[in-house]
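Before any comments, here is the structure.
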Amino acid sequence: MIYVTYLLGRIIPAGIGLCTILMLSHLADPTTYGEYAVALAVSMILNLVFFQWNRSSVTRNSAHDPEDVVSIVGASIALHFLNIFIVIVLIISYGLLFNHSVASILMMTVVCSTSDFVLEIARATGKAKQYAFQYAIRQVLFFFLSYFLLKYGVFDFGINLIVLSYLTSFSLSSLPYILLYIKKFGFIFSREYLLLHSRFGLPLVLNFSLSGLINQIDKLIVSAFLGKEAAGIYALAVDITKQTLLTLMEAVNLAAFPRLVKAYEAGDALKSTHKMQENLDVLVGVSLPATIGFIMILPSVSGTLIGQDFAKSFMMVAPLIACASFVRGLRVYYFDQAFHLTRETFKPAINSSIALLALVVLGLIGVRHLEVLGVSLAVLLSAILSCALSFGLGRGALRLPVDFWHLFICCVCTAIMAITVYLVGYNFQPGWTSALLQIITGAVVYVLCCLSLNYAGSRDLVLRRLRS
-17 MIYVTYLLGR
-7 IIPAGIGLCT
3 ILMLSHLADP
13 TTYGEYAVAL
23 AVSMILNLVF
33 FQWNRSSVTR
43 NSAHDPEDVV
53 SIVGASIALH
63 FLNIFIVIVL
73 IISYGLLFNH
83 SVASILMMTV
93 VCSTSDFVLE
103 IARATGKAKQ
113 YAFQYAIRQV
123 LFFFLSYFLL
133 KYGVFDFGIN
143 LIVLSYLTSF
153 SLSSLPYILL
163 YIKKFGFIFS
173 REYLLLHSRF
183 GLPLVLNFSL
193 SGLINQIDKL
203 IVSAFLGKEA
213 AGIYALAVDI
223 TKQTLLTLME
233 AVNLAAFPRL
243 VKAYEAGDAL
253 KSTHKMQENL
263 DVLVGVSLPA
273 TIGFIMILPS
283 VSGTLIGQDF
293 AKSFMMVAPL
303 IACASFVRGL
313 RVYYFDQAFH
323 LTRETFKPAI
333 NSSIALLALV
343 VLGLIGVRHL
353 EVLGVSLAVL
363 LSAILSCALS
373 FGLGRGALRL
383 PVDFWHLFIC
393 CVCTAIMAIT
403 VYLVGYNFQP
413 GWTSALLQII
423 TGAVVYVLCC
433 LSLNYAGSRD
443 LVLRRLRS
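In terms of the working numbering, the sequence shown has 450 at position 468, counting the first letter as 1, and numbering is strictly consecutive.
Shown next, in the form of structure tokens:
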């Protein structure tokens, strides 16, 4: 049941987030979206560099020692605000605080890291419904504030209106919860617990820094070489694709990883192996048909759902980014678990360094010759390289199971679904009706195929539930 809760807790807010991006494609011009996208890219890098290690530590250590959650979370809260202080001091030291764009990036970093932190506490303490509610509120506020400010333009604060909506919605959605957690858990400045977090999390800083650069460097390359307008057009296509596909894969991992850690820490090798294979089956079973289906319905949605200023580049970029997102999700949410479970941090850093170098080199070559299409190709090729390296290096740390028969069945079911989706789209004019019919028909056909071929024991599971 926890799978369903986390899945809905990510899918519903992600759906709202997707609607927000689609709405922005109609109300915002490419330059405005480009300014927001570049500021967001830099803030996300800072978020990962300074804050992600602490968020990972609270989840990992809470699963390892569930009897001492209060002290673990309290120490994590103390570290979070210490990190905020460090970021502000660094920016003041360079005299950049009163720079307009830098101030926006700083505020986005603080509010996003805090919002993500309260979500992670909910996850670490096993409150899946609270996690889902918090995330949904954040996305709903961002949608309505963005619509109101861009549609009516009644305020002029001298700041990008999308950035203003972002700051307001993230602050309002996280402030009550961070105050609640401070009251409940307090600030724990115990040397024991601060070291507990630091020993696990700090070695991951390099990995998270590299991950942040890999995720955002393509937008920065486009902005630097082609300008803010091109960056906005490219970023919107990337954001829609990642919002759709990586969210599904993240939802599976949100539910699966804490349970896997508990089984692994308990020393139950058989149960751990079973959980790993189950995670892979669910991950691929959800994300592969979603990726192919997303690509198949692009002709139906690009002319109606996407704003005219963005539609042409979206059709060109989205298929490549969709494939790259799927490959990257396999690496991050499955193959990299070998390093997290065994607490190895050096090998992922090697992997990420090579992938980042490949992305930068290929991106610089691609942007000069093929512009945004070249950058998209660079993202895909670097994702494939990174996934292959993770698979190879991870087997030296922990041999994660891969059932190729299950993968083959999933591919067969996905192929049948793709043919069905194509036939539906071929017989209807592009638009809302065609896209909706393709999604519904494709989903039904895929589920029926999985049950018929008993993918990963799905038919057996359904029959057991019906009998009980």
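Don't be surprised by glycine CBs; every beta carbon is placed ideally from N, CA and C.
On a predicted model such as this, the values are computed, not experimentally measured, just so you know.
*Hey, would you say VAL52 sits closer than 8 angstroms to PHE169, going by beta carbons?*
no
*asked:* Taking the alpha-carbon of HIS256 as reference, which of LEU382, PRO281 and ASN235 has the nearest alpha-carbon?
replied: LEU382
_Run of the alpha helix (DSSP H) containing THR91, from where it starts to where it stops_ = 82 to 106
*Around the Cβ of GLN290, are there at least 16 other Cβ atoms within 10 angstroms (buried) or fewer (exposed)?*
exposed
*According to DSSP, is PRO412 helix, strand or coil?*
coil
*Quick one: any contact between the stretch 176 to 195 and the stretch 31 to 38, if contact means 3 or more CB pairs under 8 angstroms?*
yes
*Quick one: residues in its chain with C-beta nearer than 6 angstroms to the C-beta of LEU312, no 5 flanking neighbours on either side, listed in chain order?*
CYS369
_Let me check understanding here. Comparing Cα to Cα, which of PHE63, GLY108, LYS111 and SER147 lies closest to LEU22?_
SER147
_Contact under 8 angstroms by Cβ, GLY16 with SER205_ = yes
_Beta-carbon spacing of THR229, ALA(-4) below 8 angstroms_ = yes
*Excluding the five sequence neighbours on either side, which residues of its own chain have a C-beta within less than 6 angstroms of the C-beta of ILE277, listed in chain order?*
PRO301 and ALA304
*Residues in its own chain within less than 6 angstroms of LEU127 by CB, not counting five upstream and five downstream?*
SER147, THR150 and SER151
_Distance between ILE347 and GLY249 (C-alpha atoms, nearest Å)_ = 48 angstroms
*Start and end of the alpha helix (DSSP H) containing ILE144?*
143 to 167
*THR286 - DSSP class collapsed to helix/strand/coil*: coil
*Note down, one range per segment and in chain order, each alpha helix (DSSP H) of at least 4 residues found wholly within the stretch 172 to 219.*
173 to 183 and 187 to 208
*Answer yes if the stretch 346 to 365 comes into contact with the stretch 187 to 204, meaning at least three C-beta pairs across the two stretches below 8 angstroms, and no otherwise.*
yes
*Flag this pair as touching only if the stretch 380 to 397 and the stretch 317 to 330 have three or more C-beta atom pairs under 8 angstroms; answer yes or no.*
yes
_Secondary structure of ARG241, DSSP reduced to three states_ = helix
*Thinking C-beta only, is ILE3 closer than 8 angstroms to GLN198?*
no
_Could you tell me the alpha carbon to alpha carbon distance between TYR404 and HIS62, rounded to whole angstroms?_
49 angstroms
*Roughly how many angstroms separate the alpha carbons of VAL93 and THR223, rounded to a whole number?*
24 angstroms
*CA-CA distance, VAL24 and GLY194?*
9 angstroms
*Short Cβ contact (8 angstroms threshold) for CYS432 with VAL266*: no
*asked:* If contacts are defined as beta-carbon pairs under 8 angstroms, then VAL234 and VAL268 qualify, I think. What distance do you get, rounded to the angstrom?
replied: 6 angstroms
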